[in-house]
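**Student:**
Number of protein chains: 4
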Amino acid sequence: MAHKTITEPDCEADAFRDECGVFGIFGKADAAAVVTLGLHALQHRGQEAAGIVSYDGSQFSVERHVGLIGDTFTKPSVLARLPGSRAIGHTRYSTTGGEGLRNVQPFFAEFDGGGFAISHNGNITNALTMQRELQKRGAIFSSTSDTETLLHLIAMSDREYFIEKFIDAVTQLEGAFSLVGLSGKKMIGARDPLGIRPLVLGDLDGAYILCSETCALDIIGARFVRDVRPGEVIVITEKGLRSYFPWGEIKPRFCIFEYVYFARPDSNVEGRNVYETRKNIGIELAKESPVEADMVVPVPDSGTPAAIGFAHQAGLPFDLGIIRNHYVGRTFIQPTASIRHMGVKLKHNANRTAIEGKRVVLVDDSIVRGTTSQKIVQMVRDAGAAEVHMRIASPPTVASCFYGVDTPETSKLLASRMSTEEMRDYIKVDSLAFLSMDGLYRAVAEPSRNKECPQFCDACFSGEYPTDLTDRDSDDGTRTLSLLAKHG
Amino acid sequence: MAHKTITEPDCEADAFRDECGVFGIFGKADAAAVVTLGLHALQHRGQEAAGIVSYDGSQFSVERHVGLIGDTFTKPSVLARLPGSRAIGHTRYSTTGGEGLRNVQPFFAEFDGGGFAISHNGNITNALTMQRELQKRGAIFSSTSDTETLLHLIAMSDREYFIEKFIDAVTQLEGAFSLVGLSGKKMIGARDPLGIRPLVLGDLDGAYILCSETCALDIIGARFVRDVRPGEVIVITEKGLRSYFPWGEIKPRFCIFEYVYFARPDSNVEGRNVYETRKNIGIELAKESPVEADMVVPVPDSGTPAAIGFAHQAGLPFDLGIIRNHYVGRTFIQPTASIRHMGVKLKHNANRTAIEGKRVVLVDDSIVRGTTSQKIVQMVRDAGAAEVHMRIASPPTVASCFYGVDTPETSKLLASRMSTEEMRDYIKVDSLAFLSMDGLYRAVAEPSRNKECPQFCDACFSGEYPTDLTDRDSDDGTRTLSLLAKHG
Amino acid sequence: MAHKTITEPDCEADAFRDECGVFGIFGKADAAAVVTLGLHALQHRGQEAAGIVSYDGSQFSVERHVGLIGDTFTKPSVLARLPGSRAIGHTRYSTTGGEGLRNVQPFFAEFDGGGFAISHNGNITNALTMQRELQKRGAIFSSTSDTETLLHLIAMSDREYFIEKFIDAVTQLEGAFSLVGLSGKKMIGARDPLGIRPLVLGDLDGAYILCSETCALDIIGARFVRDVRPGEVIVITEKGLRSYFPWGEIKPRFCIFEYVYFARPDSNVEGRNVYETRKNIGIELAKESPVEADMVVPVPDSGTPAAIGFAHQAGLPFDLGIIRNHYVGRTFIQPTASIRHMGVKLKHNANRTAIEGKRVVLVDDSIVRGTTSQKIVQMVRDAGAAEVHMRIASPPTVASCFYGVDTPETSKLLASRMSTEEMRDYIKVDSLAFLSMDGLYRAVAEPSRNKECPQFCDACFSGEYPTDLTDRDSDDGTRTLSLLAKHG
Amino acid sequence: MAHKTITEPDCEADAFRDECGVFGIFGKADAAAVVTLGLHALQHRGQEAAGIVSYDGSQFSVERHVGLIGDTFTKPSVLARLPGSRAIGHTRYSTTGGEGLRNVQPFFAEFDGGGFAISHNGNITNALTMQRELQKRGAIFSSTSDTETLLHLIAMSDREYFIEKFIDAVTQLEGAFSLVGLSGKKMIGARDPLGIRPLVLGDLDGAYILCSETCALDIIGARFVRDVRPGEVIVITEKGLRSYFPWGEIKPRFCIFEYVYFARPDSNVEGRNVYETRKNIGIELAKESPVEADMVVPVPDSGTPAAIGFAHQAGLPFDLGIIRNHYVGRTFIQPTASIRHMGVKLKHNANRTAIEGKRVVLVDDSIVRGTTSQKIVQMVRDAGAAEVHMRIASPPTVASCFYGVDTPETSKLLASRMSTEEMRDYIKVDSLAFLSMDGLYRAVAEPSRNKECPQFCDACFSGEYPTDLTDRDSDDGTRTLSLLAKHG
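In structure tokens, the structure reads:
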């Protein structure tokens, strides 16, 4: 008997994964406990590992742990090792960098002028190119993360003051970055000039907060102040807050996929409520691609708001025709050939009694590789559905993301190699429709997509990347470090 | 700074908890892997610990682990230690018995005639009384679980054959029990004569399965054969299946709360689909207690099906006005007074944009202590709801359960000490209504409750217990074992 | 590359292992901490696992841990869970019983009259035979240890008072047992009628102590009172100590191998100092088997006292020609064939400079399988010794022990299948001599061995077992339990 | 009851601790397994943690673990992650640097030209001074270890070839360093120009080995080739071995304390056998400070060889009057005041029967704080010794070591603040004598100490440091990093 532990092949890998949530607070007793709560609210942005750095006025403390926040940072002994009224944290799903705690953020560096910690959401598209240059100048890298590059750029900057060094460094970066940093005197927030990833400013009894989404303010009853602006560097000290705009005026291009899938439905990002936007998406989808049917069934949980909007617009009943098992761990068995052939349903089960004999509209947020969709459709058919229609709450995803989302290579994306009709055939549905690009823009309250200068980053749908991709386009495109195997 | 680790006080403790799921399969290669999958589907019936006993034709193997199935039993090394084509398992939330692995089932005993393992869902109401008697006859107990009593009754029975001893033993038990046992030659299933807890019979490629709910058949694509009947003892051998009815004809009284809360919505138990029944409950509730409002909001996740039914019947929009964080661990911090006063929302967040200015109908499955309801109502009000109406998908819970559900003492139940109007006041809603008892019976397709001989066990709503409660009513009502503190 | 983790084959397995140390104290604050210290001093009697049961006047608490005392029971959290002024403990190397915490003592049982815990050093030679009988009477065994049999005998005894039941039970046992028990009111000590294993009585500020060796009294500065007598049952209560001699007058036969190897050199057992006895052994050995040589080298550490005696008697220099590495863990690698051929010296290294060109007398305590002796001789020869003479501080070991010592089967004992000359050849020494049986008796201050009625148990040297060996001689000699594989 | 876990106060802290052992092999299959064995033999040089870096021709692999080698690196899964025929390792007791795996060596850096790993025994006395300079040039430190400084010096060197950069870097270092490095093509060994710490060259079937002591060659049957010379840089490639002497001719000053205490008795370092040297020390001590007595008793284990020499020279019997418990863990309890007053003897016990009424000469290697000596003398007196004379196998230790040995501050050293007579009084012995400085030099076969230019580093006895102590003497003598608290 040879059991293999494998990551559930289709369901887990067949999805986009956002990679990081960041949270910092400046000037609140037991800051690390507040950060723990904030990171807990951002857990959907990264479930693999988390870290917190606190500062108590004289020294920094750091804790990094693999696992869910609620299992690691909630231990009193862990919090007791993080004293101070200033702290920043990070929760991550890996994008760049190998496994292991040394890639868990916040990163910390001891500079000539003191310590500095940083948390990063996004991905720097010229990190490797700059790393090679920095190594030639004598820099030693202790992680394989793109974020460490920023620390070396600061360390090697010839500017005089720390904030100048920081701005000197970030302006050399390409790509997407929402950063929260903590030095002995300052908390710093920064967004790349396009504002690809979210970052919001909050306030809790006079203590400033910088975090990825408003849901992390809600959990502690903090007040939402405003979004940090694209291209803004915010410096918070005991005297208050100052803003810098080192890139000047640039048209922002926020990631539209945050609305489709990443952000939590109760968050407001860049001025829009995520739940309402998703319902709008469902409404637009029902307008564009109506269908004769008996019920609208969401693919849980991400398809639910769009399904509610679709059902409302279509005048069809909304029903839980698929039940999700919330207890799934990270890996699961596929012990033997015989069990593999059972078609094990670890995460979802069709609700046969509800579905049997019905014409079902399935609403899902997106199609990545298509394997999950295949399985779910088959499951719904096995449960006796008379017809299965699939409606997707976004345009076809045809291109990889280089801005901090863990996507398969372009060639693995179903929509990059099939027409909608071919996909319909592959997924085996009676009809398949995606939201149009303009429909998506309408759902986020734009009249339509501005083709010359799109209002959002929609590269995964359009293939139009708003920044250079220097590392990808360099001659030695692949990363070739000596130390590939790190453990312990 | 003194952090305390506490179980989240109101939300976690303010709920009924079912205690156990059981699963056994007889005659399928890699039986333990199949049981693992079945227990995973039954994880909602007990999340604290699990165990599996397998038999490979010559010896039994046992594994017991604290934690979620998906984190413990999916390790290849664990499954490799459970060889054989017959296996039974158990997943539990503690009811009787202290902490520690020695109370994790299945229990195993080495009898004169060979080994026997048993998994139990329910609670035996005369276990202690019988334990004292058995101890007088020289029995030594190695756990504090009521289930071990059964093993001693079998061991001390003077009948000749094992199945006779088993029936001799179970017929001495009072209370609720759905059992799955495994001996060297047999798998045995048994339900108490009232059939209080569910137990179903399935079939996978000719291998018999006994398990708590049909969702555990679905996960592996097994066929539902029938419910095990109340008072039935099923004996499965290589030759097939035989039934015994040692209690003769008794009117069954299945636990009606399984429909309200415990069972998974995609399961069918005792001939009814749980999801449809819950939607019916919502419909009955809307008929009985309609309200002028703008939206129906479920208290996630257990209130969702009833809310869908309510919204449908009431012609109101169904909306996710409360978002649940699915990443909550078992314990969480309440580090300092200042943080406690934040009113931290670990599990739920109001979706302000959706709720603001609206008249909201909240639908929840039941009210236990009322503390969770209070917090949720406050949260919804803080998010700007114009009015908050609470509709409860069951009658008031006025009495503790002694049949395997972890309930507070009767005096802690809000409904046992307040009128509906007092509760409305306590929870601070604009209106509060419970489903009537007859409404609940109508939702499960009975014309009304038969007062003389109720069709279900509804003791938590009526206080009418269908069995004797010998241990509770004994002179030394409290359990007084010498060894109260067991660790490791 | 296929690494195998194996127990170091020759060195570890090629030795006798004592199995258990016991320690109990009655009437001293923080009793569990005192027991921890006592067990630490007895660690040489069992290194695999340990347990402590304490009683605080109203309830018993139990902790069991795998690992060294100094790594497990010294944690404040562990001790905090063991309150009370009475406690007993046990440290073990496995003899009977499989692996796993459920075989770690003290065992605890909840009797009709209250709780009772017991620690056992020795081995019961009719345990299985009695277990089968008890199972027929309905007893359920929860461990595979011989000690549990005693608990069932007590539970099933028809005597009235507990101490009567206890005596009724122990008098049904065969074999070797030094026991310490703890009930709600008493601490009980008992030795088998031959007194095969040691047990001593001590006193710490008025609190009675029962423990295996005096070194466990010394560590806490307790006073040695006397040896518990063979066949004595001691009952300690708040009122003081009472003795029972249920077996009447029987000639004792203490294990002579305790002097040769098991007991700690600084202990006094049965009236003799172990270190002095071992030096006497060396002196007798030098008298019986002198040799022309340049230096006497002990095989560390157990051969050291005899080597000192030998060197003194022979007028030769005593030198550390072999150095022991004290950091050896339990398992070690033998990764590949090439490394196996290195002849890795994990535990011992020859001190080449001291040995080169010298005629060396190696003194070791005993020869079991002979493989260790072979390796050590080879190592000493490789280091350039001119001659190697081996002197063994005991007679040839020709028979297995059934009294609590983990010995190979008789056929695996080198001396059971070879003459001394053949052994000399096998071990490749220039000369080999064992101490004579009478020499050994002289060293423990007897004129000679009384052949009719030997003063000690010397079965490992003589094959004359002083008790029946019922289990070994029963028809179904092998243990055939259903549950052979227990984990977790 | 408030138990405190404390490091055993007197015994553990009252000793010098060497800090590191290094081992590397170049060109042997399963190199990491060989390194594991070598580190096991060097475990006495550092027991806290260990690391191994291997190289398989294309990539480096690294493992770092806290704990004994025999418990961590012997796992097949660990070794399987360390493929390749070249590997270096390190075992450590902390000297500089905080706790945590990030200070466990070997350190690894990704340079412009490839990867490089390094293991260091010793201490660099200008590391902090150079670290500050390097930080000004933009270097980021990821550990708090002095060894990382070397990596940055290499990275920032402007020389062309790697070996030039390495020599450029090491020649900027002050203090003691025996280094073993591994790059993609080379294994490098280096000793500081005074050769303060040992490093030897060995050969196993044609594969070169560099390691701290010869006992690490013996364990795998490797051949001792020669000591690496003070000030030598050895470069091993596939083509063979080359030597560099970048410091030119400097008189070496090997640490004389390696002979007194650190090195293993079976090792030969710098041309002398350690065991023989220690016996010589005992002989010199007996000549210088004879005493009328009945027996010579070593303080185990480090005093044993000198005691043998002393007894031999004095014509007195050598006896094990103190027995050591080898099972002591790292921490132990001192649970309550009452237990503290027991005078618990965790590590040593007097062998009363051997000592009682005797005039005892205790031989120990050195006196650090004196607290251990006090306790041991008291224990021997309590056991009934008629007289207790203490003989110390080295001169009084009056000054701290800055070359890689963990010593208390000078003011905590008993000999720095008391005369021998005062110490005699403090320790409460009948007589006390230390070996003279010239006696120590004679024991290592020098006619006497050359006062102008001592043949050894004897700073701990003389206070004459052979190198500058730049960090100690800098204006900001104390280390003031921002990040003092690192965990996890």
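Residue numbers (UniProt numbering), protein chains in the order written: chain A, 1 to 488; chain B, 1 to 488; chain C, 1 to 488; chain D, 1 to 488.
Think of the CB as a built atom: it goes at the ideal place given N, C-alpha and C, for glycine as much as any other residue.
1) What does DSSP give as the partner residue(s) for residue 457 of chain B in the beta ladder?
2) For residue 235 of chain D versus residue 229 of chain D, is the C-beta spacing smaller than 8 Å?
3) So which residues of chain A does residue 318 of chain B contact, with C-beta pairs closer than 7 Å?
4) What runs of the alpha helix (DSSP H), each 4 residues or longer, lie entirely inside the segment 107–141 of chain D?
5) In chain C, what lies closer than 8 Å to residue 563 of chain D by C-beta?
6) Using DSSP with H/G/I as helix, E/B as strand and the rest coil, what is residue 326 of chain A?
7) CB-CB under 8 Å to residue 223 of chain D, same chain, minus the five flanking residues each way: which ones, in chain order?
8) Does the structure place the segment 147–157 of chain A close enough to the segment 109–121 of chain A that three or more beta carbon pairs sit under 8 Å?
9) Spatial neighbours of residue 352 of chain A within its chain, please: CB distance less than 8 Å, with the 5 preceding and 5 following residues excluded, ordered by chain position.
10) Please list, in chain order, the chain B residues whose beta carbon lies closer than 8 Å to that of residue 152 of chain C.
11) Short of 7 Å in beta carbon distance, which residues of its chain neighbour residue 357 of chain D, apart from the five on each side in sequence? Order them along the chain.
12) Among the residues of its own chain, which have a CB less than 6 Å from the CB of residue 294 of chain D, if the five just before and after it don't count?
13) When you compare the segment 247–255 of chain A with the segment 271–290 of chain A, are there three or more beta-carbon pairs, one atom per stretch, that lie closer than 8 Å?
14) Please tell me whether residue 238 of chain A has its Cβ less than 8 Å away from any Cβ of chain D.
15) Beta-carbon separation of residue 363 of chain C and residue 299 of chain C under 8 Å?
16) Could you list which residues in chain A have their beta carbon closer than 7 Å to that of residue 90 of chain B, in chain order?
17) Considering only C-alpha positions, which residue in the set C/48, C/89, C/47, C/267 is nearest to residue 33 of chain C?
18) Please report the distance separating the alpha-carbon of residue 226 of chain C from that of residue 177 of chain C.
19) Which whole-angstrom value is the C-beta distance of residue 181 of chain A and residue 115 of chain A, which I expect to be below 8 Å?
20) If residue 20 of chain C and residue 74 of chain C are in contact, beta carbons under 8 Å, what's the gap, nearest whole angstrom?
21) Would you say residue 130 of chain A faces chain D, with C-beta separation under 8 Å as the test?
22) Measuring alpha carbon to alpha carbon, tell me which residue in B/389, B/376, B/173 is nearest residue 292 of chain B.
23) Does residue 346 of chain D get closer than 8 Å to chain C when you measure Cβ to Cβ?
24) Which of the residues in the segment 108–123 of chain D, read from start to end, lie with their CB under 8 Å from any CB of chain A?
25) Could you work out which residue in C/261, C/397, C/35 is closest to residue 53 of chain C when comparing CA atoms only?
26) Could you name each continuous alpha helix (DSSP H) segment of 4 residues or more that falls completely within the segment 68–92 of chain B, going from the start of the chain to the end?
27) According to DSSP, is residue 390 of chain A helix, strand or coil?
28) Taking 8 Å as the threshold (beta carbon to beta carbon), is residue 264 of chain C in contact with chain D?
29) Please classify residue 206 of chain C as buried or exposed, where buried requires at least 16 neighbouring CB atoms within 10 angstroms.
30) Could you give the C-beta distance for residue 23 of chain D and residue 38 of chain D, rounded to a whole number, given that I count them as a contact under 8 Å?
**Tutor:** By the coordinates alone:
1) B/255
2) no
3) 308, 318
4) 127–136
5) Missing from the structure shown is residue 563 of chain D; chain D here goes from 1 to 488 and no further.
6) coil
7) 202, 203, 204, 217
8) yes
9) 383, 384
10) 138, 140
11) 384, 386
12) 358, 359
13) no
14) no
15) yes
16) The premise fails here: residue 90 of chain B is roughly 16 Å from chain A at the closest Cβ pair, so nothing lies under 7 Å.
17) C/89
18) 18 Å
19) Rounded, the Cβ-Cβ distance is 11 Å, inconsistent with contact.
20) Actually they are not in contact, since the Cβ atoms of residue 20 of chain C and residue 74 of chain C sit about 20 Å apart, beyond 8 Å.
21) no
22) B/389
23) yes
24) 108, 109, 110, 111, 112, 114, 115
25) C/35
26) 69–72, 76–80
27) strand
28) yes
29) exposed
30) 4 Å
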